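Residue numbers 758 to 806, in the numbering used here, belong to the letters of the sequence shown in order. Idealized CB from N, CA, C, for every residue including glycine. These numbers come from a predicted model, not from an experiment.
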Amino acid sequence: MKQKVTLICTECLSRNYSTYKNTKTNPERLELNKYCKKCGKHTLHKETK
Ligand SMILES: [Zn+2]
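Structural data, given as structure tokens:
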């Protein structure tokens, strides 16, 4: 089972990335350090729906 998730920047709340995750192996909310164009730096991105 794969679910499409959107990753948002926790600083400016931009929706910067969308990805798929396996909900069986990874049921937790994703938290990734990714580059945010708006912030101009790497920030923590969290999963949203
Ligand atoms: Zn940002």
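Using the three-state DSSP reduction, which class does residue i fall into: helix, strand or coil?
i	result
residue 791	strand
residue 771	coil
residue 783	coil
residue 796	coil
Does the separation of the CB atoms of residue i and residue j fall below 9 Å?
i	j	result
residue 788	residue 799	no
residue 793	residue 779	no
residue 791	residue 769	no
residue 777	residue 806	no
Can you list, in chain order, the residues of its chain with a C-beta nearer than 8 Å to that of residue i? Leave out the 5 residues immediately preceding and following it.
i	result
residue 786	803 and 804
With a threshold of 7 Å on Cβ separation, who are the neighbours of residue i within its own chain once the five nearest residues in sequence on each side are excluded?
i	result
residue 771	765, 793 and 795
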